[in-house]
Structures are given as structure tokens and as C-alpha cells.
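Protein chains: 2
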Amino acid sequence: MNLPPLVQTFVLHFGEMGGRWGVNRTVGQIYAVLFVSPQPLNADEIVEALGVSRSNVSMGLKELQAWNLVRLQHKPNDRRDYYSAPEDIWQIVRTLVEERKKREIDPTLSMLREALMARPESELERHAQERMREMHDLMDMMSDWYDDIRRIETERLVQLMKLGSRITRVLEAADRLNFMSPRKKKPEADDAPSES
Amino acid sequence: MNLPPLVQTFVLHFGEMGGRWGVNRTVGQIYAVLFVSPQPLNADEIVEALGVSRSNVSMGLKELQAWNLVRLQHKPNDRRDYYSAPEDIWQIVRTLVEERKKREIDPTLSMLREALMARPESELERHAQERMREMHDLMDMMSDWYDDIRRIETERLVQLMKLGSRITRVLEAADRLNFMSPRKKKPEADDAPSES
DNA sequence: CCGATATTTCAGAAAAATCTGAAAGTTCGG
DNA sequence: CCGAACTTTCAGATTTTTCTGAAATATCGG
């Protein structure tokens, strides 16, 4: 591997982490190199940087394209393909979340939906199905939530995150202002309208 | 494998998914079985259900304990260990997020912090470090955000999720009402944390 | 169409992970 | 302290995943 130590540590770490994130080590390393590179790189430059085989890089780039994590571009008078990671790191996060949802959540949701159609034949199955329903409902709600907030623009998202748990105070205000649809919250002990 | 078809599909699916989530197939399957089981199970019952070796189950259960995903309990007049998944599915989600953060985010953050200390020796390193800083800042913010919202109680979280993107409307109100006071800077590594 | 340049495919090699059975370890009542 | 009932450990077998080199395929300017 032919990289300055600073970059090498970063690349190796992403290689390791890649494993936990559903891609192999090489794919993780390729992405790390692209991420820190000031310009787009072609496949041979990546081979040079990482010291893995050309074919391995080719497969890795293909996988990164399947994940929508890299952009392919060309230089004038150069037939080679050049790849880069998006400038905007928030865009990267969005893509990552989107793709992981597509690969993990969506298939699980559809498996659960199928399972919930079946008619339980025993008490054991009845209980199992009950648990699956809980899981389905939770994931379904998260899925809806994601579909909703993914449309919020980045700056607003940052604002929300910085607000953190103080959001709940805002939520109390929301209750009072009836921002929320049908659900009604039980009022706290309040001195204004006391009966008995 | 000795399970009703309904449950079997669920268990096999979680075996597959387990791989993507940093645990092996057997661990995923064990958890699936515990999740749908009406009572706690002992190791031999799991062996029976999944048709894998006793030692494999033993290692799987050990790993699930390392993830804090199972509870160990005992029955009167029975020396065997009985395992169960928590009743509360939200508790399961919280644990999963907590542990995944611990294993993926935290190590990455500390690698990045290290890398940001180094002095860049070239333009290439300078740019790489710049990108790492972007990544660090984003992850750090998410980490702070998580530390903050994890303390919100479940019911409130559900309320927030149901609110979805309408939260931005509330946020506009927040701007006007000046809810956003200057945020307390998080304390640096300090081993004598004071009560909230 | 040719030859040069570039990329992809893929069968088998290499490496990594998972799983197993046997043995060792632990804990208990008596 | 013993033996029965359980659990854990671990070296090697098995399976799965990853990686490579060689061959095939594609694309371009001339």
C-alpha cells in the first residue's frame, strides 16, 4: 500500500469497518481513498494506492456504483473511467441510509407482511405472529418516518439535530397548538379548570 | 430445523440478515427464536429448534449476551440457563442502536480524532485531513444528538416520529419563540461527571 | 477492420469465517 | 469430595467469501 501514513490509517480503518457494513474490505478501502482524494481517480491509480489486483478494484467499483456511492466521469483525451465520492458529505450519508434501508429494512418488512397473512395453527404460532406484528408495526412506523424526514433539507436537519432533546419542549407547545393530528394527550394536573 | 413454517421463515430471514448486521447466521437465528418464543428457552431447546450443534448455540448465546440482547434467568429446581429477548421491542431497538454505535461510530470517531492531530506533510495530506475533519464533525454531531435523544422516553419518541416532517413547522415556531438558546458545550473526557 | 488501450468476467486459489465434536471446566446436592 | 447435570473451550473440519491472473469483451482513432 502506497499512501502517506495519515491516509493509510484512515483507509485501513474503513477496510475493517466495511465488513460490518455489508461490503468487503477492498470496497471499504476504495471508498476511503476516493473520499479523501482531491481529484477523481482511475482504476489503475486505485490499484497503485491500495496494492490489490486490478480485477478486485474493478469489482469493487462496480459494487460502489450499485450503492450509488460514486460518480463516474471522464477527462478530455482520456478514455479511462474516473471515479469520485460526492463532495457533499451529507449527500453521502443520505445515500448510505437510503441503500441500507433498501437492502435491510424493506425486505424484512415484506417478509413480515407475508408472515402476518398466515393463519396460526397453534398457540405457539399465534404468539410468534403477535411478536412479528409488533416488529412489523415498529419498522413500518420507522419506514414512514424516514420517508417523511428524508425530504427535509440538510440545513434544517442540522438545525433539528442541534436542537436535540429540547425538541420535546417544542413538542409540548405543539400539543397545545394542536399541531398534531387526531391524538389527544391527557392533560397534566392543571390548576385552571378544576372540577371537584 | 424443527419449527412451524411461519416461524421457520422468520428465523431463516434473520439468519440471513444477521450477516449484514455484524453477527453470524446462527446468532441471528437464535435471536429470532428467542424473540418469538412465549417463554424463555434453554440451550438444548434452541439446539432442537435450529438443528445446530450445542457448542455453536453456546457461542451464539455468549455473543448475544455481549450485545446485551438477551436476559438470562433461572427456573426453580432447574440448573439450566434460560434465555429470553426483552418483552419491550423498543428496548431491543435501543440496545441495538447503542451497541452498534459503540462498535462502529465510537472507534471511527477516535480514529478520526487521532488523524486530525497529525501535521499534514503535503498538499494531498492537507486535503485528506480536511475531508476527515468534515467526516469527524458530522459524526460528532450525530453522536451528540444520539446522546441527547436516547434519554427521551419511548412514548414521546413515538409522538415525535408520528409528527414526522411536520416537525419543521414546529421548528419555525421555535425560531420565533427563541427556544433555541445557546447549546451547552459537551464536557471533555472527565471522569467525574456530575448529575445532569 | 486493426491494433492499442481499457474494462469486465470468471474459474480456481487463497483467506476468513463459521461450525462441530471431544474434552475440559463449573456447580450443585448429598 | 464425588458424581451428575450443564456449560464452555478450542483445534481442526467445513463452508463461505474474497481475491487473483488470464482470458474475453468493449471502445476508440486511424
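Residue numbers (the numbering used here), protein chains in the order written: chain V, 1 to 196; chain Z, 197 to 392. We put the beta carbon where it would ideally sit given N, CA and C, even for glycine. Since the structure is predicted, the reported quantities are computational estimates derived from the model, not experimental observations.
### Euclidean distance between Cα positions of glutamate 125 (chain V) and aspartate 343 (chain Z)
38 Å
### Message
Does the contact criterion of 3 or more C-beta pairs under 8 Å hold for the segment 39-55 of chain V versus the segment 17-24 of chain V?
### Response
no
### Query
Do we get a CB-CB distance below 8 Å when we pair threonine 9 (chain V) with the residues of chain Z?
yes
### Query
Which stretch, first to last residue, makes up the alpha helix (DSSP H) that contains lysine 75 (chain V)?
Taken as a continuous stretch (DSSP letters only), lysine 75 (chain V) belongs to no alpha helix (DSSP H), being part of the beta strand (DSSP E) at 71-75.
#### Entry: Residues bridged to asparagine 56 (chain V) (per DSSP)
In the DSSP secondary-structure assignment, asparagine 56 (chain V) is not bridged to any residue.
### Message
For a cutoff of 8 Å on Cβ pairs, would you count glycine 22 (chain V) as touching chain Z?
### Response
yes
### Query
Looking at chain Z, which residues of the segment 35-67 of chain V have a Cβ within less than 7 Å of any of its Cβ atoms?
The segment 35-67 of chain V vs chain Z, Cβ under 7 Å: Phe35, Val36, Pro38.
### Query
Which of the three DSSP states, helix, strand or coil, is assigned to proline 193 (chain V)?
Confidence in proline 193 (chain V) is poor, its pLDDT being 48 and thus under 50, which makes the residue's placement too unreliable to answer from.
### Task
State whether the segment 225-239 of chain Z contacts the segment 138-157 of chain V, with contact taken as three or more CB pairs (one from each stretch) at a distance under 8 Å.
no
### Query
Hey, out of V:Ile30, V:Val170, V:Lys102, whose CA is closest to lysine 199 (chain V)'s CA?
In the structure as shown, chain V begins at 1 and stops at 196. Residue 199 (chain V) is therefore absent and cannot be evaluated.
### Task
Mind checking who tyrosine 31 (chain V) pairs with in its DSSP beta bridge?
Per DSSP, none; premise fails for tyrosine 31 (chain V).
### Task
Check the Cβ-Cβ distances between serine 339 (chain Z) and every residue of chain V, and say whether any is below 8 Å.
It does not: the Cβ of serine 339 (chain Z) has no partner Cβ on chain V nearer than 8 Å.
### Query
What is the DSSP secondary structure of aspartate 78 (chain V), counted as helix, strand or coil?
In this structure, DSSP gives aspartate 78 (chain V) an extended state, which the three-state scheme calls strand.
### Message
Residues of chain V with CB closer than 9 Å to the CB of valine 289 (chain Z), please, in chain order.
### Response
From the beta-carbon of valine 289 (chain Z), the residues of chain V found nearer than 9 Å are Leu138, Met142.
#### Entry: Contact list for the segment 264-289 of chain Z against chain V, Cβ threshold 8 Å
Ile285, Trp286, Val289
### Query
Got a sec: is the Cβ-Cβ distance from serine 194 (chain V) to anything in chain Z below 8 Å?
Confidence at serine 194 (chain V) is low in this model, with a pLDDT of 44, below 50, so the placement of that residue should be treated as unreliable; the coordinate-derived value is given next. Judged by the 8 Å Cβ criterion, serine 194 (chain V) is not in contact with chain Z.
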